[in-house]
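Quick note, the sequences are listed as chains A and B, same order.
Numbering-wise, our numbering comes out as the position in the first sequence, counting from 1, plus 813.
Numbering-wise, our numbering comes out as the position in the second sequence, counting from 1, plus 713.
Backbone N, C-alpha and C fix where the C-beta goes; we use that ideal spot for every residue, glycine too.
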Amino acid sequence: MNIFARIGYAVMTVLAQLGRLALFTGKALAAIVSPPIYFRLILTQMMRIGYFSLPVVGLTAFFMGGVLALQIYLGGNRFGAEAIVPQVVVLGITRELGPVIAGLMIAGRVAAAIAAEIGTMKVTEQIDALTTLATNPIKYLVAPRIVAAVISMPILTLIGDSIGVLGGYIVSVYSLDFNGSAYLKNTADFLHSDDVTSGLIKAAVFGFIVALMGCYNGFHSKGGAQGVGNATTYAVVSSSILILAADYVLTALLFHK
Amino acid sequence: MSTPKIQLIGVKKRFGSKVVLDGVDLTIEPSSSLVIIGGSGTGKSVTIKSILGIIRPDEGTILVDGEDITHINGAARDRVMRKFGMLFQGAALFDSLPVWENVAFGLIQGRGMNRAKARDIAIQKLAKVGLTEDVAFLSPSELSGGMQKRVGLARAIAADPEIIFFDEPTTGLDPIMADIINDLIVSTVKDVGATALSITHDMTSARKISDKIAMLYGGKIIWQGPTAAIDSSGNPYVDQFIHGKAEGPIKMAVKA
Chain A
814 MNIFARIGYA VMTVLAQLGR LALFTGKALA AIVSPPIYFR LILTQMMRIG
864 YFSLPVVGLT AFFMGGVLAL QIYLGGNRFG AEAIVPQVVV LGITRELGPV
914 IAGLMIAGRV AAAIAAEIGT MKVTEQIDAL TTLATNPIKY LVAPRIVAAV
964 ISMPILTLIG DSIGVLGGYI VSVYSLDFNG SAYLKNTADF LHSDDVTSGL
1014 IKAAVFGFIV ALMGCYNGFH SKGGAQGVGN ATTYAVVSSS ILILAADYVL
1064 TALLFHK
Chain B
714 MSTPKIQLIG VKKRFGSKVV LDGVDLTIEP SSSLVIIGGS GTGKSVTIKS
764 ILGIIRPDEG TILVDGEDIT HINGAARDRV MRKFGMLFQG AALFDSLPVW
814 ENVAFGLIQG RGMNRAKARD IAIQKLAKVG LTEDVAFLSP SELSGGMQKR
864 VGLARAIAAD PEIIFFDEPT TGLDPIMADI INDLIVSTVK DVGATALSIT
914 HDMTSARKIS DKIAMLYGGK IIWQGPTAAI DSSGNPYVDQ FIHGKAEGPI
964 KMAVKA
């Protein structure tokens, strides 16, 4: 094939994909705001997306807080700034690591599960069956998952933030000989509410990305088991990349005044 | 003459460079049962999915009760879909829901009926296809293929549809179960007074459940007529198909 044809084909493929994603996002948003709203399904999805992700988010946040305390201590040590550990830990976790780690964990856990479930429903004609039962599949499958993820993620992140700070506290107090009450006082004095809310806004956006990419890839999977496998992979990879890209954009928007 | 229940006029659909439907014209009278026969990959499923709006045809018009539904969407589409029930080839039961909720799905989600009432109706419909109440609380994955087909049939008739589609109703079943499903199709369709459209390549099933047969080949309807006339169609394509001969004018495409 001629080189220009190849380039053209690649560009067209990317544009077509973006167009499909934009259309899908539009339909999903329209489905979220227009009745009927399936509250029962939203609650079920919040259990699956939020509640059952608590252990994995809690554990990763704990270790992240611990390692952050250790690294800052070791780094600060080089110029006599070890005392800054509590402030940097709480700032790093609430602004950045809390939402991002929770987002990436959810991308692995939830985007994959959503893509696999919806992909299987697609290849076994269950999505067509929804249509024949006068039920809009976008409204029934996509809207509740997105709403549930957007509500669950900030809550998960808030819990993850607390556990992360606790991880930093435990490492600092029991391994680095910080004074416990001074550590907590420094943490509390330094923290602004903006630091937490900015992280929660990010978390909500990440939740949207994860649910959207899971649903989108599931809906567009084809060709049996292998197709569903591919959809799952794309869902995890694309939502992870989009989370990190969105993180940068949101940080620039929220803090660059 | 009464308005046809479903009418397809010059319906065309292509996927990429592959033409699947090349001008399908088909008329289905109210309360009749039409079976479309044809080999694999001749566009039988695409025809049904076009009528259901799952696939949008590139050209042509689809009328249901005289209403053009080719390009309708949203609430208007949902309203027309309430006339339909469909039994899918693999039954397509929702595996996250128990059997009764599968059957009651259209009543609860599509029509907003309360769950207790919908459950009673679901159990009645399950009884119609020969399933007892204890099956209602099982998960679809616990059922055999034949049982799943029955549940799929119960789901298709749950909301008393005016039109029922059957996609390969007997494929993958043993001959006895296939005959049971055929009987159920005939009795339930009569019972509800519905118009039926089926697609199959199982001639035993086609003869049993149809009043009329149409054959799809090369993206067009190449023959149609009363079921009794199928053996004397004088059409070499139809003859080859109904007798299952490898030799004849139909060449099987290897690639889908």
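| Asked | Found |
| --- | --- |
| Output the residue ranges of the beta strand (DSSP E) runs that lie fully inside the segment 799-887 of chain B and measure 3 residues or longer, sorted by chain position. | 876-880 |
| What first and last residue would you give for the alpha helix (DSSP H) that runs through VAL1049(A)? | 1037-1068 |
| Please compile the residues from chain B whose C-beta is within a distance smaller than 7 Å of the C-beta of LEU946(A). | PHE818, GLY819, GLN822, GLY823 |
| Quick one: Cα of PRO770(B) to Cα of ASP781(B), how far? | 13 Å |
| By DSSP, does THR755(B) sit in helix, in strand, or in coil? | coil |
| Run through chain B and tell me which residues come within less than 7 Å of ALA1038(A), C-beta to C-beta. | By Cβ distance, chain B contributes nothing, its closest Cβ being about 14 Å from ALA1038(A), past 7 Å. |
| Taking 8 Å as the CB-CB cut-off, is ALA805(B) touching chain A? | yes |
| Is DSSP giving ILE951(A) helix, strand or coil here? | helix |
| Take THR783(B) and list the residues in its own chain whose beta-carbon comes closer than 6 Å to its own, dropping the five residues that flank it on each side. | THR774, ILE775 |
| DSSP beta-bridge partners for THR774(B)? | ILE722(B) |
| With respect to the beta strand (DSSP E) encompassing PRO939(B), which residues constitute its N-terminal and C-terminal limits? | 933-939 |
| Taking the alpha-carbon positions, what's the GLY832(A) to LYS952(A) distance? | 20 Å |
| Excluding the 5 residues flanking ALA920(A) on each side, which residues of the same chain have their C-beta closer than 7 Å to its C-beta? | VAL1023, VAL1049, SER1052, SER1053, ILE1056 |
| Among ILE912(B), ALA959(B), MET928(B), which residue has its Cα nearest to the Cα of ILE761(B)? | ILE912(B) |
| Taking CB distances under 8 Å as the criterion, tell me whether GLN830(A) reaches chain B. | no |
| In the segment 893-924 of chain A, which residues sit with their C-beta less than 7 Å from some C-beta in chain B, listed in chain order? | none |
| Where VAL984(A) and ALA882(A) are concerned, what is the direct C-alpha to C-alpha distance, given to the nearest angstrom? | 7 Å |
| Against chain A, with Cβ distances strictly below 8 Å, would MET826(B) count as a contact? | no |
| Starting from ILE763(A), follow the alpha helix (DSSP H) in both directions and report where the run begins and ends. | An answer regarding residue 763(A) cannot be provided, because it is not within the stretch 814 to 1070 covered by chain A. |
| Closer than 7 Å by beta-carbon distance: list the chain A residues that pair up with ARG795(B), in chain order. | ALA947 |
| Once DSSP output is grouped into helix, strand and coil, what is the label at PHE875(A)? | helix |
| For a contact defined as C-beta to C-beta under 7 Å, what are the partners of ILE767(B) on chain A? | ASP941, THR944 |
| Could you please give the first and the last residue of the uninterrupted alpha helix (DSSP H) stretch that includes ASP738(B)? | No alpha helix (DSSP H) contains ASP738(B), which is instead part of the beta strand (DSSP E) from 731-741. |
| Given 8 Å as the limit, is there contact between the segment 910-924 of chain B and the segment 747-764 of chain B, that is, 3 or more CB pairs closer than that? | yes |
| Work out the CA separation of LEU910(A) and GLN858(A) for me, nearest whole Å. | 24 Å |
| With a 10 Å radius around its C-beta and 16 neighbouring C-beta atoms as the bar for buried, classify VAL793(B) as buried or exposed. | buried |
| Apart from the five residues just before and just after ARG828(B), which ones in its own chain have a Cβ nearer than 8 Å to its Cβ? | ALA817, ILE821 |
| At a CB-CB cut-off below 8 Å, which residues of chain A make contact with ARG873(B)? | Here residue 873(B) turns out to be Asp, not Arg, going by the sequence shown. Chain A residues near ASP873(B): none, gap ~13 Å exceeds 8 Å. |
| By DSSP, does ASP1008(A) sit in helix, in strand, or in coil? | helix |
| So does the segment 796-816 of chain B actually touch the segment 835-855 of chain B, counting three or more Cβ pairs closer than 8 Å? | yes |
| Out of curiosity, what's the CA-to-CA distance linking ARG868(B) and ALA1044(A)? | 29 Å |
| Measure the C-alpha to C-alpha separation of TYR1061(A) and PHE1068(A) and round it to an integer number of angstroms. | 11 Å |
| Against chain B, with Cβ distances strictly below 8 Å, would THR1045(A) count as a contact? | no |
| Please identify the residue among THR907(A), THR1000(A), ALA818(A) whose C-alpha is closest to the C-alpha of SER1011(A). | THR907(A) |
| Whose CA, out of LEU886(B), ALA909(B), ILE963(B), ILE934(B), lies closest to the CA of MET860(B)? | LEU886(B) |
| Under the rule that 16 or more other beta-carbon atoms within 10 Å means buried, what is ALA969(B), buried or exposed? | Summary for ALA969(B): the model assigns pLDDT 47, below 50, so the residue's position carries little reliability, and this model does not support an answer. |
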